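Participant:
Number of protein chains: 6
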Amino acid sequence: MFDKKLQAKIIIDALPYFKQFNNQVIVIKYGGSILEVEDVNDALFQDIVLLSYLGVKIVLIHGGGPEISRWQKILNIETKFIEGLRVTDSKTMEITEMILSGKVNKNIVAKIQGYGGRAVGICGKDGGTIVAKKKSEQYGFVGEIVDINPSLLTALVNSNYVPVMSPIAYDEDGSSLNINADFVAGKIAISLKAKRLLYLTDVPGILLNKDDPSSVISKIKTTQIDSLIEEGILSKGMIPKTLSAKEAIEAGVEAVHIIDGREPHSLLLEVLTPEGVGTMIVSENYDK
Amino acid sequence: MFDKKLQAKIIIDALPYFKQFNNQVIVIKYGGSILEVEDVNDALFQDIVLLSYLGVKIVLIHGGGPEISRWQKILNIETKFIEGLRVTDSKTMEITEMILSGKVNKNIVAKIQGYGGRAVGICGKDGGTIVAKKKSEQYGFVGEIVDINPSLLTALVNSNYVPVMSPIAYDEDGSSLNINADFVAGKIAISLKAKRLLYLTDVPGILLNKDDPSSVISKIKTTQIDSLIEEGILSKGMIPKTLSAKEAIEAGVEAVHIIDGREPHSLLLEVLTPEGVGTMIVSENYDK
Amino acid sequence: MFDKKLQAKIIIDALPYFKQFNNQVIVIKYGGSILEVEDVNDALFQDIVLLSYLGVKIVLIHGGGPEISRWQKILNIETKFIEGLRVTDSKTMEITEMILSGKVNKNIVAKIQGYGGRAVGICGKDGGTIVAKKKSEQYGFVGEIVDINPSLLTALVNSNYVPVMSPIAYDEDGSSLNINADFVAGKIAISLKAKRLLYLTDVPGILLNKDDPSSVISKIKTTQIDSLIEEGILSKGMIPKTLSAKEAIEAGVEAVHIIDGREPHSLLLEVLTPEGVGTMIVSENYDK
Amino acid sequence: MFDKKLQAKIIIDALPYFKQFNNQVIVIKYGGSILEVEDVNDALFQDIVLLSYLGVKIVLIHGGGPEISRWQKILNIETKFIEGLRVTDSKTMEITEMILSGKVNKNIVAKIQGYGGRAVGICGKDGGTIVAKKKSEQYGFVGEIVDINPSLLTALVNSNYVPVMSPIAYDEDGSSLNINADFVAGKIAISLKAKRLLYLTDVPGILLNKDDPSSVISKIKTTQIDSLIEEGILSKGMIPKTLSAKEAIEAGVEAVHIIDGREPHSLLLEVLTPEGVGTMIVSENYDK
Amino acid sequence: MFDKKLQAKIIIDALPYFKQFNNQVIVIKYGGSILEVEDVNDALFQDIVLLSYLGVKIVLIHGGGPEISRWQKILNIETKFIEGLRVTDSKTMEITEMILSGKVNKNIVAKIQGYGGRAVGICGKDGGTIVAKKKSEQYGFVGEIVDINPSLLTALVNSNYVPVMSPIAYDEDGSSLNINADFVAGKIAISLKAKRLLYLTDVPGILLNKDDPSSVISKIKTTQIDSLIEEGILSKGMIPKTLSAKEAIEAGVEAVHIIDGREPHSLLLEVLTPEGVGTMIVSENYDK
Amino acid sequence: MFDKKLQAKIIIDALPYFKQFNNQVIVIKYGGSILEVEDVNDALFQDIVLLSYLGVKIVLIHGGGPEISRWQKILNIETKFIEGLRVTDSKTMEITEMILSGKVNKNIVAKIQGYGGRAVGICGKDGGTIVAKKKSEQYGFVGEIVDINPSLLTALVNSNYVPVMSPIAYDEDGSSLNINADFVAGKIAISLKAKRLLYLTDVPGILLNKDDPSSVISKIKTTQIDSLIEEGILSKGMIPKTLSAKEAIEAGVEAVHIIDGREPHSLLLEVLTPEGVGTMIVSENYDK
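Residue numbers (UniProt numbering), protein chains in the order written: chain W, 1 to 288; chain B, 1 to 288; chain X, 1 to 288; chain S, 1 to 288; chain L, 1 to 288; chain V, 1 to 288.
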């Protein structure tokens, strides 16, 4: 057992954060890269349940890339990327939706329920939450967001459920589309007037030197993002995250965090302790 | 165009039914056998949207057997039944859940949304709606219902959404289980105090002579069910339907209907016109 | 019996209209000329009950001219009109109120209740709904509207009642006044932010040639009304209707319809089918 | 001006009564005999407005006999009574409804509105409030109450309106029926769980000696009523009042008062001062 | 007994005032000078209970100077004033808080409860209602108001309680501060959007000649206050009252009254009768 | 800074308790013996604020004996106890109320507010919460509870305030009475259907040997209490606590805890960690 004084001290130290996030929305993007489908990170789900008992309204957006690649192999479908986007033919789209909405999504729901939470697994089709269209024919069934209808998400968080959402939507013709989950998270955060948006990734944050994990940049202003992209410090998967972050912050989200989802309880520590981990993105005027 | 007088007459004739079902719950089981996954019955979804605009609270439970068999073939999994139940090994369970919760379920949601309705696709795991356990080791991951928690369904229908539910739940260990959708529909109808429970099947109703589609029995009392099973008039898939019907009626559901889902708008005609189609199951005291 | 397919088709075709009018207010003016007091049009009341079950909030304003004339004869009161307005002495006013608020009004209520609806008969005095003053001494107890207080109407439609209203109000001195029901309907539609205002009359609509019932003008823009009056195409009873329509549309009512109340179910067909009957009045920018 | 001390004293003395009747229903029957149609008693309407500002939920039931007789004379209809009930042929019924629902009722509404109150004039047809049937063919269109549906009255009092109700209902065939207002008041009081039922009449109360106005019996127990009828002390119009009173008290109404409506402010004084006027009818156990 | 007609007349005459103050907030400052602690004015508490039954939302702010002086004597603490403010050392502050919040406050609560009202005794600390800081070191623990948080007061009046408030608050360091109750009343009236603010004092109102009680000025415009102070007509305790009145009226309070609390029922008479007593302060444009 | 893993682990371990007490009432008696008036235990108030952010509805009842004794000395009032009850003459009662309701109570409120909580200080008089009568003339103004009216407490906890209550009430004559706070806490717990009742005292719990602080009895069944009193193991201040505990548990409170208030964060540790401290009193059937 722990020392009792320490126990009390640690819980009491979280008090200001309890207050700050009470009744606020936090949108979390949980990347496929850290989601080992068969061994999902239990610490994260405990954190989510705990935060929801503290009155925080959590919305979880997940990906599932590695599991899709695994099934493409099983089914002998060639995996092909153009500019970081998985080219998605109709066969791949079929299996992508089955994996994301039928397997990964429901696994997460079962885990959260198992820890005593109340979760509901949906995708962008449910309640017409995401209105989308094809990005460009060359990518196949890859979509981009036209509009967000937050009614269902609002109804769920107000009934004290944690919505768990896969980034699948349909277009005007009713065809399923696969959408980049980083962009989905950003748009959802805006539509729900979230206080925070968190990207849980498989790196310690934004790195000044991408080969040096200790070179985490702890704070970035939205005004710096464009030049960081130009300089190549932000590249690949960091680009949709930071562009979404910029858009979200300009629309009123207080701060966006990019943190290491591989660290157990990184969510809890980010939300309930003073020392942030990873990179925090804020507006030019933050702290002034 | 139609004759205007006829048009008016037909709509007006539905008035007593509008009144009767206003604000009532109707649970619909939509069988996999009539659900051609790639070409789902549009008429049904129009009916559901229309009824929800009339203030009827629809809950749709679906199966998906044929699509599961198709994927078992793709993946070289042997299809095996014991006493009408699909023996479900872990590989089959994985693919079953992906198909039912990730494909069939979301297809239905997209269709209902496409006709202007508001649908949310869930499974028995979401919100802990179905508490289940393994039926018996010999069937593998086949479950039976221990309890129903209707909170999520209630929250959704009260927010004017049509819940679309796949019959997948998890057990205490978090393993996914496949449950007979007929039983799920019966238990859900009871837990929601539904006015009606409808089974949409691929036969015209309960047949006195199973080879003669014109031998539909139009009304059965719950007290007759046991002897009809003994006589073999009720067999195979009709057994879980009629046993669920009996239990539901004894728990207060007004009537259970077994109708032909292959007929376009059979749902609408059953609910909004005087001449029922198929077989109606009622209590001993009905009509007295 | 109808052909089932036709039945289903007709009901399904009404679906877009169910959606469009759900939870919207429609104000209906029901003219005395079509209201044969002893044989009120049952089809209309069925339509109203049906629409109220569909979630449409109906407010019905009625006249009763012929019945007033009949009683004036019984009581040997001379019937006299100036510019289309019934000159109303105190004896006529007494009998007018008794007929409109005590007979015609309550007959309509009883009919709607009889078809399973929920109706409440009121006049402009109830809840101080209409604030009025004498139009001019030459007309006697003929009033014009000073203000509308919609609280009682709102309370009734929100409790799912159909308010049925006679166009009688009182002035500051407490004297009863008779008000043109066309104007009342227009002002009520504005105060309730109604989606539509319908005038049920004894002609097929606005006629280009008043002697040719087939010369119905199907659509008129509000900007055309003044010149149509000048040209004499709009005259007599059409003038208060079209002027009220213009004012209502400018205040936000989407469209005003002048239809033939003598046709059974003309209300239902107007609201629930694509082919409008009669004349529709819209703003200059409608359809753009 | 009054002496200020006296003013304060009188208002303060009413405090216990303000508390007692706060948020309670009081049903008042206002007899046609005291209602001089052209000169209705203003004091009563002021009292009603005042009580409604004090949070008392007033429901007013009125008659109108003398005005009916007056119109029968105008129209040369013979006035005929059997056992105190006006024999009502269809012509009489037509004029009765017009007078009660269209004239007397709306006059009262206008008066209450004029004193700053919020009143709504309805009859037993509105909202299906009174379900009635013909009493017996010999009386013609005279009804008796089959059932009361208090939904509309409840909706109105909860929206802070004073319902003013004429005792007209319809039967299954839709024919208008005239019902004894004393009975209506009793049944309405029961259905609304009223705290008090007040009969405002043209006598000072129940008289021991009907020729001696000073012989008012100040309190009667419900158990005494049958013998008082037998002895002839209760006769004519007092019989429906006292029988209704008995039924109301047995159903939970606290007390029924028969008071002199000709005395200005008799309502206010009865409700807000300790010394009752007229006769109070209570249960056997009252005061114990 | 009173004459009944007079009784009725007096109550009826109050009707317009019942209407005017229904559901409105009235803030009352009840001065220590008229509050004989052992013999508090029962008439006032009756008035408050009566007004709260009439639907007026009363908030009572009290002082308690004489009782503080009495205890200073008991405890041998020197009483010292600078510019009309009691210099408050820590010993005096301790006893002041005990007297105001623990004795005077709870006595008032008990009295109001005793007359059948519902009262809750609080101070400016409760619910963080008053945010304060020290006025200046020379006065010791005398505070001035930095901000008002009306949430607790609003919660209490909406639950039909009369908040009774002592003018004690705390500063950032948690030290108790004594605040001028006249200023507290003004700020509270503003924060609650009160209709009226009443100062109950020990003089008949603002006197033109302070030695002549008959020289009450019955109405003052806010624009006159500065010059009245300059001329010395307003002095001492009238200064905080009139300055608060000015601020309150500019912020939307309709009128502020300074009346003689020593007159029994002066509150009731001021609120419910046409002839105001004492001095009424209004804006320049009042009556225009 | 702490080790992050430890931090996360400790917070996560509290999760089951967050769930268990979410939205539940906990009544805390905070004894005068541990309340050093000038140096109140800050850890306790932090605990209360934290628990209220976790959705626990805290009600705090306090005493204040030592401070009363201190003031009796200042004022030369003899301190006298009969059977553990302070004999309370009118002078002592006056000062007791001032200290408890005016000083101790408001100090606690200020502290809770200072830590970011929302507290409201009341006594048993406020809202008529405690109905009391004199216990016996020999004790003077010592009261016993006749009834509890929980409306005000319920209104406050439902508005997310922590009620802080001194054990002062009034009797029928309006005299203030001092009531044993242990009994008050028990009765309040029952009236609010509290989940837990906690006594924070100056001993480590119930001791088998009162001179040996290590002889704490960790669990007692209510059926053992009478014999423990007889044996003298329970004596003095433990008697009202254990008798109240027994009564509370029989009325449905789940468990009563007697813990050492001198230990920092003993409240938090008791509620949020598995290892209870002090003595837990439960029903005979607890754990079965």
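Using N, Cα and C, we set each Cβ at its ideal position, and we do this for glycine too.
Being a predicted model, the structure only gives us computed values, none of them experimental.
Can you name the residues of chain S whose CB is closer than 9 Å to the CB of residue 53 of chain L?
Facilitator: Here the question's residue 53 of chain L lines up with position 53 in the fifth sequence. What residue 53 of chain L touches in chain S: 15, 18, 19, 22, 54, 55.
Participant: Leaving out five residues on either side along the sequence, give the residues of the same chain with a beta carbon under 6 Å from the beta carbon of residue 149 of chain B.
Facilitator: Within the second sequence, the letter at position 149 stands for residue 149 of chain B. Here the set comprises 128, 129.
Participant: Spell out whether any CB of chain X is found under 8 Å from the CB atom of residue 112 of chain B.
Facilitator: For this step, residue 112 of chain B is matched to residue 112 along the second sequence. Taking Cβ atoms only, chain X never reaches closer than 8 Å to residue 112 of chain B, which makes this a no.
Participant: Alpha carbon to alpha carbon, how far is residue 199 of chain W from residue 120 of chain W?
Facilitator: Counting from one through the first sequence, the residue named residue 199 of chain W turns up at place 199. Counting from one through the first sequence, the residue named residue 120 of chain W turns up at place 120. When rounded, the distance between both Cα atoms is 20 Å.
Participant: Tell me which residue opens and which closes the beta strand (DSSP E) that residue 60 of chain S is part of.
Facilitator: Position 60 of the fourth sequence, counted from the first residue, corresponds to residue 60 of chain S. Its beta strand (DSSP E) spans residues 57–62.
Participant: Using only the alpha-carbon positions, how far apart do residue 285 of chain W and residue 279 of chain W sit?
Facilitator: As a working note, residue 285 of chain W is residue 285 in the first sequence. As a working note, residue 279 of chain W is residue 279 in the first sequence. Going from the Cα of residue 285 of chain W to the Cα of residue 279 of chain W covers about 17 Å.
Participant: What residues are listed by DSSP as bridge partners for residue 98 of chain W?
Facilitator: The residue labelled residue 98 of chain W in the question sits at position 98 within the first sequence. None, per the DSSP bridge assignment.
Participant: Assuming residue 26 of chain V and residue 67 of chain V form a contact by the criterion Cβ under 8 Å, report the distance between their Cβ atoms to the nearest whole angstrom.
Facilitator: In the sixth sequence, counting from the first residue as 1, residue 26 of chain V sits at position 26. In the sixth sequence, counting from the first residue as 1, residue 67 of chain V sits at position 67. Not quite, the Cβ-Cβ distance comes to about 25 Å (not below 8 Å), so this is no contact.
Participant: Which residues in chain X have a C-beta closer than 8 Å to the C-beta of residue 10 of chain B? List them in chain order.
Facilitator: The residue you call residue 10 of chain B lines up with position 10 of the second sequence. Those within 8 Å of residue 10 of chain B in chain X are 2, 6, 7, 10, 11.
Participant: Hey, is residue 118 of chain X's beta-carbon within less than 8 Å of any beta-carbon in chain S?
Facilitator: Taking the third sequence and counting its residues from 1, one reaches residue 118 of chain X at position 118. Closer than 8 Å: yes.
Participant: Which residues mark the beginning and the end of the alpha helix (DSSP H) in which residue 236 of chain W is found?
Facilitator: If you number the first sequence from 1, residue 236 of chain W lands on position 236. Careful: residue 236 of chain W lies outside any alpha helix (DSSP H) and carries neither H nor E.
Participant: Please classify residue 235 of chain L: is it buried, with 16 or more other beta-carbons within 10 angstroms of its beta-carbon, or exposed?
Facilitator: Walking along the fifth sequence from the start, residue 235 of chain L turns up at place 235. Exposed: under 16 other Cβ atoms inside 10 Å.
Participant: Which term fits residue 231 of chain W, buried or exposed, when burial requires 16 or more other beta carbons within 10 angstroms of its beta carbon?
Facilitator: Residue numbering aside, residue 231 of chain W sits at position 231 when the first sequence is read from its first letter. Label assigned to residue 231 of chain W: exposed.
Participant: If you draw a straight line from the alpha carbon of residue 59 of chain X to that of residue 28 of chain X, how long is it in whole angstroms?
Facilitator: Counted from its first residue, the third sequence places residue 59 of chain X at position 59. Counted from its first residue, the third sequence places residue 28 of chain X at position 28. Rounded to the nearest angstrom, the two C-alpha atoms are 6 Å apart.
Participant: According to DSSP, is residue 53 of chain S part of a helix, a strand, or is it coil?
Facilitator: By 1-based counting over the fourth sequence, the position of residue 53 of chain S is 53. The answer is helix: DSSP assigns residue 53 of chain S an H, G or I state.
Participant: What ranges does the beta strand (DSSP E) occupy inside the region 198–273 of chain X, keeping only unbroken runs of at least 3 residues that lie completely in it?
Facilitator: Complete beta strand (DSSP E) runs here, min 3: 219–221, 255–260.
Participant: So residue 124 of chain X and residue 101 of chain S are in contact, right, with Cβ under 8 Å, and what is the actual spacing, rounded?
Facilitator: Reading the third sequence from its first residue, position 124 is the one you call residue 124 of chain X. Reading the fourth sequence from its first residue, position 101 is the one you call residue 101 of chain S. With 8 Å as the limit, residue 124 of chain X and residue 101 of chain S do not qualify as a contact, their Cβ atoms being about 15 Å apart.
Participant: Pull up the distance between the alpha-carbon of residue 37 of chain L and that of residue 146 of chain X, whole angstroms please.
Facilitator: Here residue 37 of chain L refers to the residue found at position 37 of the fifth sequence. Here residue 146 of chain X refers to the residue found at position 146 of the third sequence. Here residue 37 of chain L scores only 42 on pLDDT, less than 50, and its place in the model should not be relied on; the value that follows carries that caveat. Rounded to the nearest angstrom, the two C-alpha atoms are 56 Å apart.
Participant: So residue 182 of chain B is in the alpha helix (DSSP H); what residue range does that whole segment cover?
Facilitator: As a working mapping, residue 182 of chain B is identified with position 182 in the second sequence. That run of the alpha helix (DSSP H) goes 181–191.
Participant: What did DSSP end up calling residue 144 of chain V once you bin it into helix, strand or coil?
Facilitator: By 1-based counting over the sixth sequence, the position of residue 144 of chain V is 144. Note: residue 144 of chain V maps to strand in three-state DSSP.
Participant: Check whether chain S comes within 8 Å of residue 98 of chain X, counting only Cβ atoms and requiring the distance to be less than that.
Facilitator: Mapped onto the third sequence, residue 98 of chain X falls at position 98. Yes, residue 98 of chain X counts as interfacial toward chain S.
Participant: Anything in chain S within Cβ reach of residue 50 of chain L, meaning under 9 Å, just list it in chain order.
Facilitator: Translated into the one-based positions of the fifth sequence, residue 50 of chain L becomes position 50. What residue 50 of chain L touches in chain S: 11, 12, 14, 15, 18.
Participant: Tell me the rounded alpha-carbon separation between residue 212 of chain S and residue 155 of chain X.
Facilitator: Taking the first residue of the fourth sequence as 1, we reach residue 212 of chain S at position 212. Taking the first residue of the third sequence as 1, we reach residue 155 of chain X at position 155. So the alpha carbons of these two residues sit roughly 49 Å apart.
Participant: Under 8 Å between the Cβ atoms of residue 31 of chain S and residue 63 of chain S?
Facilitator: Within the fourth sequence, the letter at position 31 stands for residue 31 of chain S. Within the fourth sequence, the letter at position 63 stands for residue 63 of chain S. Yes.
Participant: Once the 5 residues before and after residue 92 of chain X are set aside, which same chain residues still bring their CB inside 6 Å of it?
Facilitator: By 1-based counting over the third sequence, the position of residue 92 of chain X is 92. Excluding sequence neighbours, residue 92 of chain X sits near 77.
Participant: Starting from residue 279 of chain B, trace the beta strand (DSSP E) in both directions and tell me its first and last residue.
Facilitator: Along the second sequence, read from residue 1 onward, the residue named residue 279 of chain B stands at position 279. That run of the beta strand (DSSP E) goes 279–282.
Participant: Is there a Cβ of chain L sitting closer than 8 Å to that of residue 40 of chain S, yes or no?
Facilitator: As a position in the fourth sequence, residue 40 of chain S is number 40, starting the count at 1. With a pLDDT of only 48 at residue 40 of chain S, under 50, the local geometry of the prediction cannot be trusted, and the value read off the model is given with reservation. No - not a single Cβ of chain L is within 8 Å of the one on residue 40 of chain S.
Participant: Scan the region 260–283 of chain W for residues whose Cβ lies nearer than 9 Å to a Cβ of chain V and list them as they occur along the chain.
Facilitator: The region 260–283 of chain W vs chain V, Cβ under 9 Å: 263, 264, 265, 266, 268, 269, 272, 273, 274, 275, 277.
Participant: Contact check, residue 260 of chain V vs residue 186 of chain V under 8 Å by CB: the rounded distance?
Facilitator: Against the sixth sequence, residue 260 of chain V aligns to sequence position 260. Against the sixth sequence, residue 186 of chain V aligns to sequence position 186. Contact doesn't hold; Cβ gap of about 20 Å is too wide.
Participant: Going straight from the alpha carbon of residue 88 of chain S to that of residue 42 of chain B, what length do you get?
Facilitator: One-based indexing of the fourth sequence puts residue 88 of chain S at position 88. One-based indexing of the second sequence puts residue 42 of chain B at position 42. C-alpha separation (whole angstroms): 60 Å.
Participant: Out of curiosity, what's the CA-to-CA distance linking residue 247 of chain W and residue 135 of chain W?
Facilitator: Here residue 247 of chain W corresponds to residue number 247 of the first sequence, with the count starting at 1. Here residue 135 of chain W corresponds to residue number 135 of the first sequence, with the count starting at 1. If I take the Cα positions, the gap works out to 19 Å.
Participant: Are the C-beta of residue 46 of chain S and some C-beta of chain L separated by less than 8 Å?
Facilitator: For the purposes of this step, residue 46 of chain S is taken as residue 46 along the fourth sequence, with counting starting at 1. Residue 46 of chain S counts as touching chain L.
Participant: For the region 150–162 of chain V, which residues have a beta carbon sitting closer than 7 Å to at least one beta carbon of chain L?
Facilitator: Taking 7 Å as the Cβ-Cβ cut-off against chain L, the residues of the region 150–162 of chain V that qualify are 152, 155, 159, 161.
Participant: If contacts are defined as beta-carbon pairs under 8 Å, then residue 57 of chain S and residue 24 of chain S qualify, I think. What distance do you get, rounded to the angstrom?
Facilitator: For the purposes of this step, residue 57 of chain S is identified with residue 57 of the fourth sequence, where counting begins at 1. For the purposes of this step, residue 24 of chain S is identified with residue 24 of the fourth sequence, where counting begins at 1. Yes, they are in contact, since the Cβ atoms of residue 57 of chain S and residue 24 of chain S sit about 7 Å apart, within 8 Å.
Participant: The alpha helix (DSSP H) spanning residue 65 of chain W covers which residue range?
Facilitator: To locate residue 65 of chain W, count along the first sequence from 1; it is residue 65. Counting along the chain, the alpha helix (DSSP H) containing residue 65 of chain W begins and ends at 65–74.
Participant: Is the Cβ-Cβ distance between residue 54 of chain L and residue 18 of chain L less than 8 Å?
Facilitator: The count along the fifth sequence starts at 1 and reaches residue 54 of chain L at position 54. The count along the fifth sequence starts at 1 and reaches residue 18 of chain L at position 18. The answer is yes: Cβ separation under 8 Å.
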